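Engineer: Protein chains in written order, with my numbering: chain R, 3 to 177; chain Y, 381 to 646. All C-beta atoms, glycine included, are put in the ideal place defined by N, C-alpha and C. Remember, it's a predicted structure, so these values are computed and weren't measured experimentally.
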C-alpha cells in the first residue's frame, strides 16, 4: 500500500495472530507457523505504528515522542527488518538504495542509542504436545506414527541416550 | 476422571487391573458418568514362557493400536505415557507445563525444562532441603495462575538413564496438597562445572520460557497465553545454567527468601 506521498509504507499483519500484552512486552503468537514472538517495548511500538500510511520517518518521530529520547530512522529500519523476518508485516518500505545493513551492534557502537531502546524480538517454536512431554522409552517411541499430530515428537529416548524419537520412513524410532 | 477429563480403561483380565491403576495420573478418581472422552483397552497377553502359544500384550486407544509387545511392563509404559499426555493436553481449564515444582513457604518454585535437563535432580535436592514436593513432571496451572500438585513418585534416573520411581517420603519429604501462587520460576539446565549466575528475564520472555514447555501450546494457545502471564504475575523468572544440584537448590531457596523479604520491607 502507498501512502499520501506515494511511498510504500509498512503495514502490520493482523490475521491469524494472537496478541497479548505482558507488562512492557508484547507477545504475538502466529497461528500459521506455531511460533511465539516476544517484542520488547520499542519493537512493539514500531509494529503498532505500521498502519500502511506512516513512513519510516513518521514512525521514528512518533517513537521519539513516546520514548522521550532521540530516535534515528535506523532504529525503525532495524525493527522493520526483524518484523519482516518473522512475517509480522504484510508490506514494508523498500530500503533506500545504498543504505548499509543496520545491526544492533552497529547502532550501539556508533552511540546511536542506548541498548535498552533497541528493538528486540525473541522467538520460540511452540512445542507439540508430544515434544513438551517427558523423555520416553524406545517402546513408547515405536508406538507413535509419523502421520500422528505432532509426528514422532522428537522426545529424548530415556533408554537410548542421546537418541531422540524421530521418523524413519513410516515408523518412529529412537535415532 | 483426572483433572476434569474422563478417560475409560478396560482390561481383558482382572489380574491386569492393579497394574493399570498404578499407572494412571496422580489424583485420578472414578467418574460418576459412564461417558468418556478417551477409551483405552489394555489386553494382557499370556506371559507364560512354557506355553507354546504366546499372546502379546496390547494397548489400544479407541480403535488405534498403540503397542504390541511381549513385555508387559513395556506395554504399561506406553499406556502410562499416553494417558498422562492426553490428560495434560485436554484437561480444561488447566494448563500443563513440563516442569518440576516444589512449595516453599506457601509459594511455588517452578523449574520448567526439557527432559534430561536435570529437573528431577534439582527437585530432589530442594525436597531434601525442606521444600514440599509438588511434581517432577508437570506444573498444573489453573485459570487463576495457581499451581496444583501432580505428585507422582519422583522418576530418578540412574547412571544407565533408566528411571526408578521413588516416593517422596523416601527422600524424607512430603507432598503438598494445596494450590500455590508462583513465587519464583527457574529456567536452568545442568552443565558440569558451571556456576549458578542467574539473570532476570522480562515478563514476556518469562512467558516464552513457560510456553516452550507447555503441552497445549499448539492446541490451545489462547488458553496458554491467558493463563501463563497470571502464573508469573508476581514472580521473578531467573535463567542460568547450573552446576551441582545441591548448591543450586540452596541458592534458589535463598533467592526466594531474599525476594520475599525485600517485598515485605517495601
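Residues in its own chain within less than 7 Å of residue 472(Y) by CB, not counting five upstream and five downstream?
Structural biologist: As a working note, residue 472(Y) is residue 92 in the second chain. If we look at residue 472(Y) and ignore the five residues flanking it on each side, its Cβ neighbours are 384.
Engineer: Quick one: which unbroken alpha helix (DSSP H) runs of 4-plus residues sit fully inside the region 424-486 of chain Y? Chain order, please.
Structural biologist: The qualifying runs are 452-470.
Engineer: For residue 423(Y) versus residue 437(Y), is the C-beta spacing smaller than 8 Å?
Structural biologist: Within the second chain, residue 423(Y) is the residue found at index 43, counting from 1. Within the second chain, residue 437(Y) is the residue found at index 57, counting from 1. Taking 8 Å as the Cβ cut-off, residue 423(Y) and residue 437(Y) qualify as a contacting pair.
Engineer: Smallest Cα separation from residue 626(Y): which of 595(Y), 506(Y), 597(Y) and 565(Y)?
Structural biologist: By one-based count along the second chain, residue 626(Y) stands at place 246. Comparing Cα positions, the closest option is 506(Y).
Engineer: Among 27(R), 37(R) and 12(R), which residue has its Cα nearest to the Cα of residue 19(R)?
Structural biologist: The sequence position of residue 19(R) within the first chain is 17, counting from 1. Comparing Cα-Cα distances from residue 19(R) to each of 27(R), 37(R) and 12(R), the minimum goes to 37(R).
Engineer: Considering only the alpha carbon of each residue, which of 411(Y), 458(Y) and 475(Y) lies closest to residue 610(Y)?
Structural biologist: Here the question's residue 610(Y) lines up with position 230 in the second chain. Looking at the Cα atoms, 475(Y) is the closest of the given residues.
Engineer: With a cut-off of 8 Å, does the C-beta of residue 28(R) fall near any C-beta of chain Y?
Structural biologist: Here residue 28(R) corresponds to residue number 26 of the first chain, with the count starting at 1. Taking Cβ atoms only, chain Y reaches closer than 8 Å to residue 28(R), which makes this a yes.
Engineer: Which of helix, strand or coil does DSSP assign to residue 143(R)?
Structural biologist: As a first step, residue 143(R) is located in the first chain; it is residue number 141 there, counting from the start. In the structure shown, residue 143(R) sits in a helix (DSSP, three-state: H, G or I).
Engineer: Let me see if you follow: with CB-CB separation under 8 Å, is residue 174(R) close to chain Y or not?
Structural biologist: For the purposes of this step, residue 174(R) is taken as the residue at position 172 of the first chain. So no, residue 174(R) is outside the interface.
Engineer: Please report the residue range of the beta strand (DSSP E) in which residue 399(Y) lies.
Structural biologist: Sequence index remark: in the second chain, residue 399(Y) carries index 19 (1-based). Residue 399(Y) -> not in any beta strand (DSSP E); alpha helix (DSSP H) instead, spanning 397-402.
Engineer: Name, going along the chain, the residues of the region 432-450 of chain Y whose beta-carbon falls closer than 8 Å to a beta-carbon of chain R.
Structural biologist: Within the region 432-450 of chain Y, the qualifying residues are 439, 446, 447 and 449.
Engineer: Against chain Y, with Cβ distances strictly below 8 Å, would residue 126(R) count as a contact?
Structural biologist: For this step, residue 126(R) is matched to residue 124 along the first chain. Output row for residue 126(R): interface = yes.
Engineer: Using a Cβ-Cβ cut-off of 6 Å (strictly less than) and excluding sequence neighbours within five positions of residue 406(Y), which residues of its own chain qualify?
Structural biologist: The residue given as residue 406(Y) occupies position 26 in the second chain. Counting only Cβ-Cβ distances below 6 Å, and skipping sequence neighbours, we find 530, 531 and 532.
Engineer: Would you mind stating whether residue 397(Y) and residue 382(Y) have Cβ atoms separated by less than 8 Å?
Structural biologist: Position 17 of the second chain, counted from the first residue, corresponds to residue 397(Y). Position 2 of the second chain, counted from the first residue, corresponds to residue 382(Y). Cβ atoms of residue 397(Y) and residue 382(Y): not closer than 8 Å.
Engineer: Given that residue 45(R) touches chain A, what residues does it touch there, using C-beta distances under 9 Å?
Structural biologist: No chain A is part of this structure, whose protein chains are labelled R and Y.
Engineer: If I measure Cβ to Cβ from residue 616(Y) and keep anything under 7 Å in the same chain, skipping five residues before and after, which residues do I get?
Structural biologist: Here the question's residue 616(Y) lines up with position 236 in the second chain. Cβ within range, chain order: 564, 580 and 639.
Engineer: Using a Cβ distance threshold of 8 Å, determine whether the region 452-464 of chain Y contacts the region 488-503 of chain Y, with at least three qualifying pairs required.
Structural biologist: The region 452-464 of chain Y is not in contact with the region 488-503 of chain Y.
Engineer: With DSSP collapsed to three states, give me the class of residue 160(R).
Structural biologist: Start at 1 with the first residue of the first chain, and residue 160(R) comes out as number 158. Correct three-state label for residue 160(R): coil.
Engineer: With C-beta atoms as the reference, is residue 156(R) less than 8 Å away from residue 149(R)?
Structural biologist: Counting from 1 along the first chain, the entry for residue 156(R) is found at position 154. Counting from 1 along the first chain, the entry for residue 149(R) is found at position 147. In this structure, residue 149(R) does not lie closer than 8 Å to residue 156(R) by Cβ.
Engineer: Which residue wins for smallest C-alpha separation from residue 161(R), given the options 139(R), 168(R), 144(R) and 147(R)?
Structural biologist: As a first step, residue 161(R) is located in the first chain; it is residue number 159 there, counting from the start. For residue 161(R), the nearest C-alpha among the options comes from 139(R).
Engineer: Could you tell me the alpha carbon to alpha carbon distance between residue 31(R) and residue 598(Y), rounded to whole angstroms?
Structural biologist: Position 29 of the first chain, counted from the first residue, corresponds to residue 31(R). Position 218 of the second chain, counted from the first residue, corresponds to residue 598(Y). Each residue's Cα considered, the two are about 10 Å apart.
Engineer: What first and last residue would you give for the beta strand (DSSP E) that runs through residue 43(R)?
Structural biologist: Along the first chain, one-based indexing puts residue 43(R) at 41. Not the beta strand (DSSP E): residue 43(R) falls in the alpha helix (DSSP H), residues 43-51.
Engineer: For residue 487(Y) and residue 124(R), what's the separation of their Cα atoms in angstroms?
Structural biologist: Locating residue 487(Y) in the second chain gives position 107, counting from the first residue. Locating residue 124(R) in the first chain gives position 122, counting from the first residue. When rounded, the distance between both Cα atoms is 29 Å.
Engineer: Since residue 527(Y) and residue 481(Y) are thought to touch, with beta carbons under 8 Å apart, how far apart are those beta carbons, to the nearest angstrom?
Structural biologist: As a first step, residue 527(Y) is located in the second chain; it is residue number 147 there, counting from the start. As a first step, residue 481(Y) is located in the second chain; it is residue number 101 there, counting from the start. At roughly 6 Å, the Cβ-Cβ gap stays under 8 Å, so residue 527(Y) and residue 481(Y) are in contact.
Engineer: Between which two residues does the alpha helix (DSSP H) harbouring residue 568(Y) extend?
Structural biologist: Within the second chain, residue 568(Y) is the residue found at index 188, counting from 1. No alpha helix (DSSP H) holds residue 568(Y); the beta strand (DSSP E) holding it covers 561-570.
Engineer: From the beta carbon of residue 585(Y), is the nearest beta carbon of chain R less than 8 Å away?
Structural biologist: Here residue 585(Y) corresponds to residue number 205 of the second chain, with the count starting at 1. Chain R, which has a Cβ nearer than 8 Å to the Cβ of residue 585(Y), makes this yes.
Engineer: Is there a Cβ from chain R that is less than 8 Å from the Cβ of residue 504(Y)?
Structural biologist: Counting from one through the second chain, the residue named residue 504(Y) turns up at place 124. Output row for residue 504(Y): interface = no.
Engineer: How long is the line joining the alpha carbons of residue 24(R) and residue 602(Y), rounded to whole angstroms?
Structural biologist: On the first chain, residue 24(R) is found 22 positions in, with the first residue counted as 1. On the second chain, residue 602(Y) is found 222 positions in, with the first residue counted as 1. Going from the Cα of residue 24(R) to the Cα of residue 602(Y) covers about 14 Å.
Engineer: Taking buried to mean at least 16 other C-beta atoms within 10 Å of its own C-beta, is residue 401(Y) buried or exposed?
Structural biologist: The residue labelled residue 401(Y) in the question sits at position 21 within the second chain. Classification of residue 401(Y): exposed, given that the 10 Å Cβ count is below 16.
Engineer: In three-state DSSP terms, what is residue 635(Y)?
Structural biologist: As a position in the second chain, residue 635(Y) is number 255, starting the count at 1. The answer is helix: DSSP assigns residue 635(Y) an H, G or I state.
Engineer: Counting only C-beta atoms, is residue 177(R) closer than 8 Å to chain Y at any point?
Structural biologist: The count along the first chain starts at 1 and reaches residue 177(R) at position 175. Taking Cβ atoms only, chain Y never reaches closer than 8 Å to residue 177(R), which makes this a no.
Engineer: Identify the residues that DSSP records as bridge partners of residue 622(Y): which are they?
Structural biologist: Taking the first residue of the second chain as 1, we reach residue 622(Y) at position 242. For residue 622(Y), which the question treats as bridged, DSSP gives the partners 570(Y).
Engineer: Cα-Cα, which of 510(Y), 577(Y) and 522(Y) is closest to residue 605(Y)?
Structural biologist: Counting from 1 along the second chain, the entry for residue 605(Y) is found at position 225. That would be 522(Y), whose Cα lies nearest to the Cα of residue 605(Y).
Engineer: Got a sec? Which residues, its chain only, sit under 8 Å from residue 500(Y) by beta carbon, not counting five neighbours each side?
Structural biologist: Your numbering for residue 500(Y) matches position 120 in the second chain. Here the set comprises 480, 516, 534, 535, 536 and 537.
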